[in-house]
Amino acid sequence: MRMLQFVLLVAALLFARMAAAQVYEFPHYDDAAQVRADCDRLLADLKQRERAIAALPERGGEVLAALDALNQRVEDLMGPLSVVPAVHPAKAVRDAAEACDLAYQRFNNAFLQNAKVYARLKQAAVADDIDRRLQREELDLFEDSGVALAPAARARAQRLNAELTKLTQDFERRVRENHDTVAFTEAELDGVPANVWRNAKRDARGRVVLGLDYPSADPVIERAVQERTRERMWRATMRLGGEANLKTLQRIAQRRHEYAALFGFGSYADFTMRRRMVKSAAEGGAFLDSVAAAVGERERADLAVLREAKAQATGQPLANTTLQRWDMAYLTERVRQQRYAVDQEAFRAYFPPQRSLEFVFAVAQRLFGVRFEALTQTLWHEQAQAYAVRDGNGTLLGTLFVDLFPRPDKYNHAAVWSFRNVATKSGRLPAAALVTNFDRQGLTLSELETLLHEFGHALHALLSTTRYSIEGGTNVQLDFAEAPSQMLEDWVYDPAVLALFQQLCAECRPVPREMIERAQRARHFGKGLFFARQLVYARYDLALHGRRVEAPLALWSRMERATPLGYVPGSIMPAGFGHLASGYGAGYYGYLWSLVVAEDLRTAFAADRLDAAVGRRYRDSVLANGGQVAPEELVQRFLGRPGTREAFFRSLAVQ
Numbered sequence: 006m007r008m009l010q011f012v013l014l015v016a017a018l019l020f021a022r023m024a025a026a027q028v029y030e031f032p033h034y035d036d037a038a039q040v041r042a043d044c045d046r047l048l049a050d051l052k053q054r055e056r057a058i059a060a061l062p063e064r065g066g067e068v069l070a071a072l073d074a075l076n077q078r079v080e081d082l083m084g085p086l087s088v089v090p091a092v093h094p095a096k097a098v099r100d101a102a103e104a105c106d107l108a109y110q111r112f113n114n115a116f117l118q119n120a121k122v123y124a125r126l127k128q129a130a131v132a133d134d135i136d137r138r139l140q141r142e143e144l145d146l147f148e149d150s151g152v153a154l155a156p157a158a159r160a161r162a163q164r165l166n167a168e169l170t171k172l173t174q175d176f177e178r179r180v181r182e183n184h185d186t187v188a189f190t191e192a193e194l195d196g197v198p199a200n201v202w203r204n205a206k207r208d209a210r211g212r213v214v215l216g217l218d219y220p221s222a223d224p225v226i227e228r229a230v231q232e233r234t235r236e237r238m239w240r241a242t243m244r245l246g247g248e249a250n251l252k253t254l255q256r257i258a259q260r261r262h263e264y265a266a267l268f269g270f271g272s273y274a275d276f277t278m279r280r281r282m283v284k285s286a287a288e289g290g291a292f293l294d295s296v297a298a299a300v301g302e303r304e305r306a307d308l309a310v311l312r313e314a315k316a317q318a319t320g321q322p323l324a325n326t327t328l329q330r331w332d333m334a335y336l337t338e339r340v341r342q343q344r345y346a347v348d349q350e351a352f353r354a355y356f357p358p359q360r361s362l363e364f365v366f367a368v369a370q371r372l373f374g375v376r377f378e379a380l381t382q383t384l385w386h387e388q389a390q391a392y393a394v395r396d397g398n399g400t401l402l403g404t405l406f407v408d409l410f411p412r413p414d415k416y417n418h419a420a421v422w423s424f425r426n427v428a429t430k431s432g433r434l435p436a437a438a439l440v441t442n443f444d445r446q447g448l449t450l451s452e453l454e455t456l457l458h459e460f461g462h463a464l465h466a467l468l469s470t471t472r473y474s475i476e477g478g479t480n481v482q483l484d485f486a487e488a489p490s491q492m493l494e495d496w497v498y499d500p501a502v503l504a505l506f507q508q509l510c511a512e513c514r515p516v517p518r519e520m521i522e523r524a525q526r527a528r529h530f531g532k533g534l535f536f537a538r539q540l541v542y543a544r545y546d547l548a549l550h551g552r553r554v555e556a557p558l559a560l561w562s563r564m565e566r567a568t569p570l571g572y573v574p575g576s577i578m579p580a581g582f583g584h585l586a587s588g589y590g591a592g593y594y595g596y597l598w599s600l601v602v603a604e605d606l607r608t609a610f611a612a613d614r615l616d617a618a619v620g621r622r623y624r625d626s627v628l629a630n631g632g633q634v635a636p637e638e639l640v641q642r643f644l645g646r647p648g649t650r651e652a653f654f655r656s657l658a659v660q
């Protein structure tokens, strides 16, 4: 029996090698029954593979290859099914995909507590540092899943993991499938671009009905001249997720706290952050304190400018003028227009959505030597697109899926799912899905920056050449994950980079150079406010996952009340804060931590953001290595020196 299991395992590895090197076809799901059938087959296969791995030789067995083959099999189904709930138009299919995820997580929780597999992993044959890193990280994963706990604690860990998966799904679904609306008269929408509301539904009184998706809500909050209009939309967005999500978030925090306690840790933050670049919750807090010290004075100065702007706009004496939360985006844009003559809406005429996608492809071609070819595939929606990613010599590197525009029940922000990872050992190629919700009339410069940010995640996945899929692409330490995407954001403010638009779009008008230069200067206004807000989010996340579990809203209201603008009664922001419920629990600080790394990486491109030689070095040293090399070492290889925080703190001071 043991020999048969070993033969089956080897055959599976060989089949994976033969089948991998081709364009990836996204599975087409017509109904929930198809999802359930595929899920049943997957679970049966995984159990068979688990038995085969446990039966490998006790010393020196090919455990790493076997674990990676199992991971690839999981990605084959669970990868696309992780995308389906975010984009598929049929609720039954979305629900079936979530149900499959729950079933898979039950298997995975038990698998990671399999003592025989763990024992084989401890004695695995390792050839080099890449193998050793994978072995250590997989051992960490098994140990953090409870394989070494006493039986009762081990069983409790399984139950907690299963419950957390369900709670996270519930939280995200309430946000994604929210159908709340706000109705306005046309007069109340004064200042809001007409393309946002002209074709929107009307209620029985003829009022414009807008949803809470960001292509609808953000322009109202940023542009509406009437304060009451901004306030109504802001309050609606601050109730996204509802009271049910506050209760769910509290259960998530409690279960995470209990989970950490099983391993002897006083908080979930202590438990999880020890595996990251930051090393500890204490170091994470110290880092946030250093950022706070650098931006505190600037935040106060920004608020003073906005207060003066509101007094001027309303005709009220400065002494009688009070800033409100719903004023911030509006007044910030107003100041940028007045000081720098920059209107984000004016950029839409220069950045058509499809051409903007082609633009980021052109950046990748110039910088990294890769090109994107449109494919014909039947996908989850007629607007979704597929592209083959090829190296300069024509070699296929992977497949990218893109879904640009908003629609009901679709994930309502911008993100990348790196759902299938490369594995050179088996010849497997990656695939990723880039999902956004852009205005069909065109992108603002800020939205183009968002597109390039998300595209950076996709490139990280698609240009990775790791030995094992477990360490492919964005499978890196959480506080490094945002660095490759944040690094590229700066590119949209470079006239030489934006000039690529004219090479691919003859009918597109070139953005006037002075318009870009004004936008470059304007973006530095409000840095104090932006980073202060990020600090509140990051500190709240750490506090929620700290040593004392508090009710999410009570904690949030207390922390926000300590900020200059205070807390707005009735707002329940944490209920819609998806990062808290997802894999970013005790990890939101990672956006700032990754930005430190990103600013450091950018220094190599200071002379020319389209320098192909530097781009190739970056591709080979950082992107190609995914998670198989420690982030600190990747930075050292690329920059030729250890990473520092100097560039980050310099950027905070730029006016």
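Residue numbers for the sequence shown follow this note's numbering, so the first one is 6 and each next one is one higher.
Each residue gets a CB set at the ideal place from its N, CA and C atoms; glycine is no exception.
All values derive from a computational prediction rather than experimental measurement.
| Given that a residue counts as buried once 16 or more other Cβ atoms are within 10 Å of its Cβ, and exposed if not, what is residue 509? | exposed
| What first and last residue would you give for the alpha helix (DSSP H) that runs through residue 598? | Segment 595-607, the alpha helix (DSSP H) holding residue 598.
| request: Specify the secondary structure class of residue 143 as computed by DSSP and reduced to three states. | output: helix
| said: To test your reading of the DSSP string, which unbroken beta strand (DSSP E) runs of 3 or more residues are found completely within the region 356-380? | reply: 375-380
| said: Can you tell me whether residue 471 is helix, strand or coil according to DSSP? | reply: coil
| field | Cut-off 6 Å between Cβ atoms - residues of its own chain near residue 51, not counting five sequence neighbours on either side | value | 112
| query | Would you say the region 631-644 touches the region 581-596, given that touching needs at least three Cβ pairs under 8 Å? | reply | no
| message | According to DSSP, simplified to helix, strand and coil, what is residue 648? | response | Residue 648 carries a coil assignment under DSSP once its states are collapsed to helix, strand and coil.
| message | For the pair the region 390-410 and the region 436-443, tell me if three or more CB-CB distances fall below 8 Å. | response | yes
| query | Going by DSSP, which residues form a beta bridge with residue 399? | reply | Per DSSP, none; premise fails for residue 399.
| task | Would you identify the three-state DSSP class for residue 215, choosing helix, strand or coil? | result | strand
| said: Measuring only the C-alpha atoms, how far is residue 420 from residue 490? | reply: 11 Å
| field | Every unbroken alpha helix (DSSP H) inside the region 204-268 [4 residues or more] | value | 219-228, 232-242, 247-267
| field | alpha helix (DSSP H) segment containing residue 423, residue limits | value | First-last for residue 423: 420-425, but that is the beta strand (DSSP E), not the alpha helix (DSSP H).
| message | Let's see if you can read the secondary structure: which residues bound the alpha helix (DSSP H) around residue 334? | response | 333-345
| So is residue 77 buried or exposed if we call it buried at 16+ other beta carbons inside 10 Å? | With 16 or more other Cβ atoms within 10 Å, it is buried.
| task | Measure the beta-carbon distance from residue 123 to residue 152 and round it to whole angstroms, keeping in mind my assumption that it falls under 8 Å. | result | Yes, they are in contact, since the Cβ atoms of residue 123 and residue 152 sit about 5 Å apart, within 8 Å.
| Starting from residue 124 and walking both ways along the alpha helix (DSSP H), at which residues does that stretch end? | 120-127
| Unbroken alpha helix (DSSP H) run spanning residue 74, endpoints | 68-92
| request: Kindly indicate the opening and closing residues of the beta strand (DSSP E) around residue 439. | output: It spans 436-440 - the beta strand (DSSP E) in which residue 439 sits, taken as one unbroken run.
| message | Going by the DSSP bridge assignment, what does residue 412 pair with across the sheet? | response | In the DSSP assignment, residue 412 is bridged to no other residue.
| query | Would you say residue 256 and residue 530 are within 9 Å of each other, going by their C-beta atoms? | reply | no
| Endpoints, alpha helix (DSSP H) assigned at residue 319 | 286-319
| query | If you draw a straight line from the alpha carbon of residue 62 to that of residue 433, how long is it in whole angstroms? | reply | 26 Å
| My guess is that residue 67 and residue 130 are in contact by the Cβ rule of under 8 Å, so how many angstroms apart are they, rounded? | The beta-carbon separation of residue 67 and residue 130, rounded to 7 Å, stays under the 8 Å limit for a contact.
| query | Ends of the beta strand (DSSP E) at residue 189? | reply | 186-189
| message | Here's a check: name, in chain order, each residue in its chain whose Cβ is nearer than 8 Å to the Cβ of residue 59, leaving out the five neighbours to either side. | response | Taking residue 59 as the centre and dropping the five residues before and after it, the same chain places the C-beta of 119, 121, 122, 125 closer than 8 Å to its C-beta, in chain order.
| Is the number of C-beta pairs between the region 444-456 and the region 357-368 that are closer than 8 Å three or more? | yes
| task | Pick helix, strand or coil for residue 643, following the three-state DSSP scheme. | result | helix
| field | DSSP three-state assignment for residue 392, whether helix, strand or coil | value | strand
| message | Taking the beta carbon of residue 357 as the centre, do at least 16 other beta carbons fall within 10 Å, making it buried, or is it exposed? | response | Residue burial annotation: residue 357 is buried, with at least 16 other C-beta atoms found within 10 angstroms of its C-beta.
| query | Which first and last residues belong to the alpha helix (DSSP H) in which residue 166 is found? | reply | 156-181
| task | Return the first residue and the last residue of the alpha helix (DSSP H) that residue 533 is part of. | result | 532-549
| task | May I ask which residues mark the beginning and end of the alpha helix (DSSP H) holding residue 273? | result | Note, residue 273: alpha helix (DSSP H), 273-278.
| query | Is the CB-CB distance between residue 484 and residue 283 below 9 Å? | reply | yes
| said: Can you tell me which residues form a DSSP beta bridge with residue 428? | reply: Bridge partners of residue 428: 433.
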